[in-house]
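Asks: Just dropping this structure here.
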Amino acid sequence: MEKFVAFAIKYGFLIVMAGSFLGFGLLEPSFWSWSNMFSILLGITIVGILALGVTFTLIVDGFDLSIGSTAAICVMISSYVMVVLNIDYIYAILLSILLGITIGLVNGLLIVKAKIPDLLATLGMMFLIQGLQLIPSAGMSIGTGMMLADGTEAEGEFAKQFLFLGQGRLFDLIPVPVVVFAVLAIIIYFVLQYTKWGRILYAIGGNEKAVKLAGVNVERYKIMAYVLSGTISSIAGILLAARIGRGDVTSGGGLLLDAVAAALIGYAVLGVKKPNALGSVVGVIFIGMLLNGLTMLSLPYYTQDFIKGIVLVAALIFTFGLSKSEI
Amino acid sequence: MKTKFLVVCSIILGMLFGANSALANGLKGAPAPFNGGKKIHIALIRQMTEGEFMQTFRAGAQIQANLLGIKLTVFGKSMDNQAEANFVYQAINMKVDGIIIDHGLSETMMKPAADAIKAGIPVVAFDVDLKNPKIPQIAQDDELLGMLALKALVKDFNGKANVGYVSIAGILPLDKRDRSWQKIKKEYPGIKEIVKTGTLESPIASKNANQVKAVLLAHPEINAFFAPYDELGKGVVQALREARKQDKVKVYTADISTQDIREMIKKDSPWAATAATNPASIGAVSVRAIALKIAHVKIPHNILIPPMLFTAKELRAMKIKNMKQLRKKFPKFNSVDLLNYPWIPVDKKGLF
Amino acid sequence: MIDKKLLIRAVDISKTFGATKALSGVSFDFYEGEIFSIVGANGAGKSTFIKILCGYYADYEGKIYIDGKLVKFESPRDAYEAGIQVVHQSIEQGIVQNMSVAENLALDMIISPNASFVYDKKKVLKRAKEIASKMDLEYLDMDKNIQDITQSEKQMIIIARALATKPKLLILDEPTSSISDKEAGMLFKTLYKLRDEGVSILYISHYLAEIKKISNRVGVIRDGKFGGLLNQPLEISEIVKAMVGDLESAFERTYDEKDSKKLILELRDLVVQGSSEPLNIKIYSGEIVGLIGLIGAGKTELAETLFGIRRPISGEIILDGKSVKFTNIRQAIKHGIHMVPENRTVNAIIPENSIKNNITLPFLSFFSKYGVLSKKNEIKASKRIIDDMGIKCEGFGALIESLSGGNQQKVIVARWLLMKHNIVILDEPFQGVDIKSRRDISKYLQENTRDSAVLMISSDIDELMDVTDKIMVMNKSKIIWSEKTSEVNRDKLLSLITQE
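In order, the protein sequence lines correspond to chains A, B and C. The numbering of the first sequence is the working numbering, which starts it at 1 and goes up by one. The numbering of the second sequence is the working numbering, which starts it at 328 and goes up by one. The numbering of the third sequence is the working numbering, which starts it at 680 and goes up by one.
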């Protein structure tokens, strides 16, 4: 019994995942097509990248609620740079990333130096960014031909190269955002698993004081975790802008919760019970696959959030419930 | 709530009905594949799923699909543009026979739609310009919609009014309705735009009410509002009531719903008139359009659904209290005579 | 002994966790009217045995007889119903906060499924008084909130509640760990009384002096096996021997001041924060120096200053002949000053991490190139020190939580002995560490302190006398005395520590 539970905790999630992969394919053969595989992956990239970002802050026992709005403001900034300012798309990318770094840095300083609890600091930041993103365009979506405050029309447009980041495909099959996601995931996995920085981040999450007493500049690491979270969110924002092709004011909604859910589901993968890059990626793919497969089997669209909730609760039971705690 | 219930009922009933009649024998005189071949499967991919307009549109589409023996799968995640794009790819992977794209951002949806065409799947679009000659564009006649409401305004004020304009630039249907506004202003110099305001921040009605209240303080000379979208109009009405100016100012809008009717028929309502199309008809026309595309029947590239004008006076006089009564009393509102072929069964009973 | 009635027999009890045999073939008998103690080093299997008796593990092997009848415990409820009552170490777990004394006493009645739906205050009070009388607790104010009475009174309430069920066996798990000596004295008196009334008591404690004082018989568990059964008269040395085996007397270390020529650390007129006394200390290579003093004497402040946590107000720290200044821990480590902080759970242990990760934490830069860790080198170094210090574990990859307290402490000490250093400071290194682990650590320090030095801070005289070469006494932020350990008189030391 004990062995079975241990096995279930470790591999249960992956077995369920493999099982549903098989099941969907048997019931609906087109599920297994390459193009469908990539369509699943394309569907989860933005949330997946954000989940990787939030993983960093979860590792240091923190939290970043501002990831979704950071991505959203980068959509607006990219559009503003290209459409209103009408300058090169490179600046759209650079400015977005710079903004992501800044937001992360401010979050980090608020939490580490001003000692504001992480949830509150990033909640405040979230609102601040949500408001800020509306200001340059006076609350309007940014698209070519939009009316500017001085009565002229915006003349710039999204650069082809920029759109390629979101809508392009390699070999006419692999979507570019998926490639970006994969590269990021591999780098982050490597950093967390095989470098001293990853080791120290996890250690800080375990016992901050002990790490401090081991001579580590804990504050700097914690700030770094938020900077990384902000930076990664801005990359997600750039890809989102390139996918949507327009500075749409509503684009950030729902991203935060989906990303956090994926990262939490990740705790259950291989029973590690910790935030981890592999888990976050697997978690987000699992949800994407489930929704895709169930939709193919005619599951109505409005049940999607319900399904996500079930997966999350089940994953949390795997993670926390099955490991019996002793009195 | 009631609408939702009706929608669900109609879908369930429609499924039973559709499965019995159309599927087995095919439709009489219909071209392939509607002559009893395989079951046709179409996808309705939506940017928005909530709101009475959206729900009624869906119900209309569902009923027309059932009458044609078509299986309709709805994809939608409220206001998630990239998800909408993803749904197109999923529909392609599911090898559907046709796709209706309902709203969305042109920039986001153009490429997925083109990819669907490339994969050999016909696409029709409602209220989103996909800039593709192979994709028929269905739309309410938004210019006419604006024009009907504005004509009523001009008539009520004898060509002289101080108008507050509530709209948002950059939204395709609103931009089209804006064209009529520009025309009217030129045509009637007595109609003056005193101020322009408007926001799409949700909740739309109350956010706009706040803006309009401020506007009323700054510009007491305003005696009419043009708000070419009913949610905006609701905000204006709310603001007028809160500022106790409902008897001094009149409001002209576009779109209609039961909720709107309830407000319009109040004795002291400032809401004078609204121009509207029937979302259920649009849904039905969209399904007919995609069915014709699947059957390789040529259809026009631009399909415009003509609107009707409803004034508060009429509604009160005819004792209309909700959409159901409205449909009964205005039969023309129900079935738009567009894309009708003898082999396509039409719902003649009037929806709901 | 034999004339007493045999109540409970535990025969050939075994239990495995995964691949580890935690307990194998342990048998003990419990008679009425005696206090039976079980002792064992941390991790020996004591708590596993007790948990089996309390029904926490359904899958134990062996047989338990109660009044000659074979029973099988599937759950704590079974053990409870068979008349085995346990009072756990943590007092807070045994009481319900926000309830009155009476409610806590009559808890079983209040939560019983047969309790009437309407809360009958009178009935509760009556029952509470009945229970209180068993332990002479009638003097307590029944309406008082449980938070407003002393720790020992709370404990008495828990024991009274346990007794109210008329148990065959009353198990007390480390009952004195959170009460004062005086309160402990009162507890013992109560235990004697219960014993004389015929209750069978199973007593578990770390404090061997207590065990010697109150037990009729002592059972020893050693490495998961039966380690012996001792009868009165009890001797501490014999108990220890049974617990950890024949300890080679590791204490024949000859210490000669002349051998250690090199001056490692010198403090010149160092004034630490919160004090105005200049400190002058010299520590030579090869020395293990003890620093003793009461809480508040200034030991911690000195250690934290040496480790870069606090800045000195004035004076000099001279390391290896050079005057050094540092403002953070990192720089202190760079200068070869390492420190094992007190209270390992709070200050040192990284939970849910492997032993290896816990050992190498401060020196990750040493094990990495461009930030990428060389797990090979890490494993090599960890394995070496795990072997050298005799850390009992399943391997370097085992989680730190899987170790006993003593072995966890070894890991933390190993962390700071892993790399070359000038001096290592150990702050209360033997808190909550069993005697075997304590000796392992001491032995390792004595054998390996040659070119470096050790500064051991403690408030326990015996600990320091065991290990150190030299002892310094700190009193009110001053070093008031310093002497070779071999020449220290225990009583004199005690008076120096406490003198006003």
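For each residue, glycine too, the CB sits at the ideal point set by N, CA and C.
Looking only at its chain, what residues have a beta carbon closer than 8 Å to the beta carbon of C:V690, apart from the 5 residues adjacent to it on each side?
Replies: Result list for C:V690: S706, G741, K742, I743 and Y744, in chain order.
Asks: Sort B:Y515, B:G353 and B:K510 by Cα distance to B:K327 and report the nearest one.
Replies: As shown, chain B starts at 328 and ends at 679. That puts residue 327 of chain B outside it, with no answer to give.
Asks: Which whole-angstrom value is the C-beta distance of C:L947 and C:I997, which I expect to be below 8 Å?
Replies: Here the sequence assigns Arg to residue 947 of chain C, which means Leu is not the residue at that position. Going by Cβ atoms, the distance from C:R947 to C:I997 rounds to 6 Å, so yes, they are a contact pair.
Asks: Between which residues of its own chain and B:A603 is the CB-CB distance below 7 Å, once the five residues before and five after are set aside?
Replies: Around B:A603: A581, D582, I583, P634, M635 and F637.
Asks: Taking B:G517 as the reference, give the member of B:Y416, B:K487, B:G610 and B:R589 with the closest Cα.
Replies: Closest by alpha carbon: B:K487.
Asks: For B:L631 and B:V663, what's the separation of their Cα atoms in angstroms?
Replies: Computed Cα separation, rounded: 10 Å.
Asks: Out of C:G877, C:I837, C:V1146 and C:V897, state which residue places its alpha-carbon closest to the alpha-carbon of C:H885.
Replies: Nearest C-alpha to C:H885: C:V897.
Asks: Just curious, the alpha helix (DSSP H) that A:L119 is in, first and last residue?
Replies: Start and end: D118 to L132.
Asks: Which of the three DSSP states, helix, strand or coil, is assigned to C:I790?
Replies: Helix at C:I790.
Asks: In three-state terms, what does DSSP make of B:V624?
Replies: The answer is coil: DSSP assigns B:V624 none of H, G, I, E or B.
Asks: Name, in chain order, the residues that DSSP records as bridge partners for C:V750.
Replies: DSSP lists C:I743 as partners of C:V750.
Asks: Rounded C-beta distance between A:A51 and A:A262? I'm assuming under 8 Å.
Replies: Indeed they touch by this definition, with Cβ atoms about 4 Å apart.
Asks: Give the C-beta separation of A:S229 and A:F56 to the nearest angstrom, bearing in mind that I take them to be a contact with Cβ-Cβ under 8 Å.
Replies: Indeed, because the Cβ distance is near 5 Å, the residues count as touching under 8 Å.
Asks: For A:R243, name the three-state secondary structure that DSSP assigns.
Replies: Reduced to three states, the DSSP call for A:R243 is helix.
Asks: Assuming C:A841 contacts C:A811 (C-beta within less than 8 Å), just tell me the rounded distance between them.
Replies: The pair is not a contact, with the Cβ atoms about 13 Å apart (cut-off 8 Å).
Asks: Would you call the CB atoms of A:A277 and A:Y189 closer than 7 Å?
Replies: Yes, they are a contact pair.
Asks: Could you check where the alpha helix (DSSP H) with B:A443 kicks off and where it finishes?
Replies: Note, B:A443: alpha helix (DSSP H), S433 to K445.
Asks: Can you name, in chain order, every residue of its own chain whose Cβ lies under 7 Å from the Cβ of C:A929, other than the five neighbours on each side?
Replies: Model confidence at C:A929 stands at a pLDDT of 45, short of 50, so the residue's coordinates are unreliable; what they give is reported in the following sentence. These residues qualify, in order along the chain: R1118, S1121, K1122 and Q1125.
Asks: Please tell me whether A:R199 has its Cβ less than 7 Å away from any Cβ of chain C.
Replies: Interface residue, yes.
Asks: Leaving out five residues on either side along the sequence, give the residues of the same chain with a beta carbon under 6 Å from the beta carbon of B:P672.
Replies: Result list for B:P672: L394, in chain order.
Asks: Quick check: the Cα distance between C:S1174 and C:G1074, rounded to an integer number of angstroms?
Replies: Cα-Cα distance, rounded: 46 Å.
Asks: Thinking C:Q768 and C:D852 are a contact (beta carbons under 8 Å), I'd like their distance in whole angstroms, please.
Replies: With 8 Å as the limit, C:Q768 and C:D852 qualify as a contact, their Cβ atoms being about 5 Å apart.
Asks: Could you check what DSSP says for B:L350 in three-state terms: helix, strand or coil?
Replies: With a pLDDT of only 45 at B:L350, under the threshold of 50, the placement of this residue in the model should not be trusted; the figure read from the coordinates follows. B:L350 falls in the helix class under three-state DSSP.
Asks: Anything in the stretch 285 to 312 of chain A with a Cβ closer than 8 Å to a Cβ of chain D? List those residues in chain order, please.
Replies: Among the protein chains in the structure shown, which are A, B and C, there is no chain D.
Asks: Run through chain C and tell me which residues come within less than 8 Å of A:N276, C-beta to C-beta.
Replies: Those within 8 Å of A:N276 in chain C number zero; the least Cβ separation is about 12 Å.
Asks: For B:T601, which residues in the same chain have their Cβ closer than 8 Å to its Cβ, ignoring the five residues on either side in sequence?
Replies: Here the set comprises A476, D557, G560, Y579, T580, A581, D582, I583, D587, M591, L636 and F637.
Asks: Once DSSP output is grouped into helix, strand and coil, what is the label at C:E945?
Replies: If DSSP states are grouped into helix, strand and coil, C:E945 belongs with the strands.
Asks: Measure the alpha-carbon distance for C:F905 versus C:A921 and round it to whole angstroms.
Replies: Their backbone Cα atoms lie some 10 Å apart in a straight line.
Asks: Assuming C:I1176 and C:V1152 form a contact by the criterion Cβ under 8 Å, report the distance between their Cβ atoms to the nearest whole angstrom.
Replies: At roughly 6 Å, the Cβ-Cβ gap stays under 8 Å, so C:I1176 and C:V1152 are in contact.
Asks: What distance in whole Å lies between the Cβ atoms of C:I770 and C:Q830, which are believed to be in contact at a cut-off of 8 Å?
Replies: At roughly 6 Å, the Cβ-Cβ gap stays under 8 Å, so C:Q830 and C:I770 are in contact.
Asks: Quick one, are the C-beta atoms of A:G283 and A:G271 less than 7 Å apart?
Replies: Not closer than 7 Å, so no.
Asks: On the three-state DSSP scale, how would you describe B:D424?
Replies: It is coil, neither helix nor strand.
Asks: To test your reading of the DSSP string, which unbroken alpha helix (DSSP H) runs of 4 or more residues are found completely within the stretch 59 to 92 of chain A?
Replies: With a minimum length of 4 residues, the continuous alpha helix (DSSP H) runs that stay inside the stretch 59 to 92 of chain A are 67 to 79.
Asks: Got a sec: which bits of the stretch 124 to 144 of chain A sit with their beta carbon under 7 Å from any beta carbon on chain B, in order along the chain?
Replies: Of all residues in the stretch 124 to 144 of chain A, G139, M140, S141 and G143 have a Cβ within less than 7 Å of some Cβ in chain B.
Asks: With distances taken Cα to Cα, identify the nearest neighbour of A:F7 among A:L291, A:G62, A:V269 and A:I174.
Replies: Closest option to A:F7, Cα to Cα, is A:V269.
Asks: If you count every other CB in all the chains shown that lies within 10 Å of the CB of A:L170, and 16 or more means buried, which is it?
Replies: Its Cβ having fewer than 16 others within 10 Å, A:L170 is exposed.
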